[in-house]
Amino acid sequence: MIKRYSHVILKEILKNIKSLHKKRQRALDTNLSAECGTSRYWKAMGDVEHYNREIEAYKTDLKQLDDVSEWSKKLHQDRYKFVEKYRDVLHKVGVELNESLRIY
2 MIKRYSHVIL KEILKNIKSL HKKRQRALDT NLSAECGTSR YWKAMGDVEH
52 YNREIEAYKT DLKQLDDVSE WSKKLHQDRY KFVEKYRDVL HKVGVELNES
102 LRIY
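The opening position of the sequence shown corresponds to residue 2 in my numbering, with each subsequent residue numbered one higher.
And the structure:
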């Protein structure tokens, strides 16, 4: 069943990674603009750490899904064409897609 719906699961994971990356960037911008020691600074730091943990969890999910369904080898199929629009975000969070999935 996971193999049959892997493209749907993958799309949801990628949407969540993109959303978390955008939130992380906003928190980093706030972190850099706030003065060190203020509550705004520390809240932004906590948010960045939280988003990093969430992104790492989703990267693990990507790897597990790839181990089960081998979606990274099927990117030429029409049902996986949506992955192209997420390549830049994946690269920014440390996921490389060539012939196979590589997470760093």
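All C-beta atoms in this analysis are idealised placements derived from N, C-alpha and C, irrespective of residue type, glycine included.
Whole-angstrom distance between residue j and residue i, CA atom to CA atom
| i | j | result |
| --- | --- | --- |
| Ser101 | His22 | 22 Å |
| Lys4 | Thr39 | 48 Å |
| Gln65 | His51 | 21 Å |
| Glu13 | Ser70 | 15 Å |
| Leu33 | Tyr105 | 25 Å |
| Lys82 | Leu76 | 7 Å |
N-terminal and C-terminal residue of the beta strand (DSSP E) that residue i is part of
| i | result |
| --- | --- |
| Arg103 | 102-104 |
Same chain only: Cβ atoms within 8 Å of residue i, ignoring 5 sequence neighbours per side
| i | result |
| --- | --- |
| Ala35 | Arg41, Tyr42, Ala45 |
| Lys74 | Glu100, Ser101 |
| Val94 | Ile18, His22, Ile56, Lys60 |
Unbroken alpha helix (DSSP H) run spanning residue i, endpoints
| i | result |
| --- | --- |
| Glu97 | No alpha helix (DSSP H) contains Glu97, which is instead part of the beta strand (DSSP E) from 96-98. |
Chain-order list of residues whose beta-carbon lies under 6 Å from that of residue i (same chain, five-residue window excluded)
| i | result |
| --- | --- |
| Trp72 | Ser7, Leu11 |
Exercise. Taking one C-beta from the stretch 8-27 and one from the stretch 46-55 each time, how about it: are there three or more such pairs within less than 8 Å?
Worked result: Yes: the two stretches touch, three or more of their Cβ pairs being nearer than 8 Å.
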